[in-house]
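To start, the structure itself, in structure tokens.
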Amino acid sequence: MSETAFLKACKKCGIPQLLERFPFLKAEQKYRGTCKACRAAELRALRRHPDHAERMREAERVRSQRRRPAILQWQREHPDNMRPGRQRRAAARAARQAAAHAAQLLTTPPDNQPLS
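Here it is in structure tokens:
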């Protein structure tokens, strides 16, 4: 086998390089089209863009809101797997929620009885 069989040309810089200089995409079972150096330069430029940080914060906020119910359910189902500090905070949160619920029940009149 010749040496050129292990070379690949970067689609960004066009320089033929060894395959080890290209990231391997496991999900697609192939090498990325751009070399690691060009990809790093792209990411550096992206991070310097003024809107990038705000877009990342917004994406994380949406992702957190979407995952929160599942995380809380898992924590309720697996209390022994939580770290001690997290267990204390979860217990305190549950107590606050129970107290708020009890207070709401006391202040809300039943549907069939008027407030006195």
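In terms of my numbering, the sequence shown opens at residue 27 and continues consecutively.
Cβ coordinates follow ideal geometry from the N, Cα and C atoms, glycine included.
For clarity, every value in this text was computed on a predicted model and none was experimentally measured.
Beta-carbon separation of Met108 and Ala118 under 8 Å? Counting from one through the sequence shown, the residue named residue 108 turns up at place 82. Counting from one through the sequence shown, the residue named residue 118 turns up at place 92. No, they are not a contact pair.
Suppose you measure from the CA of Ser28 to the CA of Arg93; what does that come to, to the nearest Å? As a first step, residue 28 is located in the sequence shown; it is residue number 2 there, counting from the start. As a first step, residue 93 is located in the sequence shown; it is residue number 67 there, counting from the start. Note that Ser28 has pLDDT 49, beneath the 50 cutoff, so the model's placement of it is unreliable and no number is given.
For Leu72, which residues of its own chain have a beta-carbon under 6 Å away from its beta-carbon, when the five flanking residues on both sides are left out? Stepping through the sequence shown from its first residue, residue 72 is reached at position 46. Cβ within range, chain order: His78.
When the Cα of Gln43 is compared with those of Ala96, Ala124, Phe32, Leu131, which residue comes out closest? For this step, residue 43 is matched to residue 17 along the sequence shown. Closest option to Gln43, Cα to Cα, is Phe32.
Quick one: any contact between the region 32-41 and the region 54-63, if contact means 3 or more CB pairs under 8 Å? yes
May I ask you to report which of helix, strand or coil DSSP gives Phe50? Looking up residue 50 in the sequence shown gives position 24. Three-state DSSP puts Phe50 in a strand.
How would you call Phe48, buried or exposed, if buried means at least 16 neighbouring beta carbons within 10 angstroms? By 1-based counting over the sequence shown, the position of residue 48 is 22. That one is buried.
DSSP-derived helix/strand/coil call for Gln55: One-based indexing of the sequence shown puts residue 55 at position 29. Correct three-state label for Gln55: coil.
So Leu72 is in the alpha helix (DSSP H); what residue range does that whole segment cover? The sequence position of residue 72 within the sequence shown is 46, counting from 1. From DSSP, the alpha helix (DSSP H) with Leu72 extends over 62-74.
Any idea which residues DSSP pairs Lys34 with across the strands? On the sequence shown, residue 34 is found 8 positions in, with the first residue counted as 1. DSSP, once it has assigned bridges, lists Gln43 as partnering Lys34.
For Gly111 and Met82, I'd like the C-alpha separation in whole angstroms. Stepping through the sequence shown from its first residue, residue 111 is reached at position 85. Stepping through the sequence shown from its first residue, residue 82 is reached at position 56. Roughly 28 Å separates the two Cα atoms.
So, with DSSP's three-state summary, where would you put Thr133? Position 107 of the sequence shown, counted from the start, is the residue given in the question as residue 133. Looking at Thr133 - three-state DSSP - the assignment turns out to be helix.
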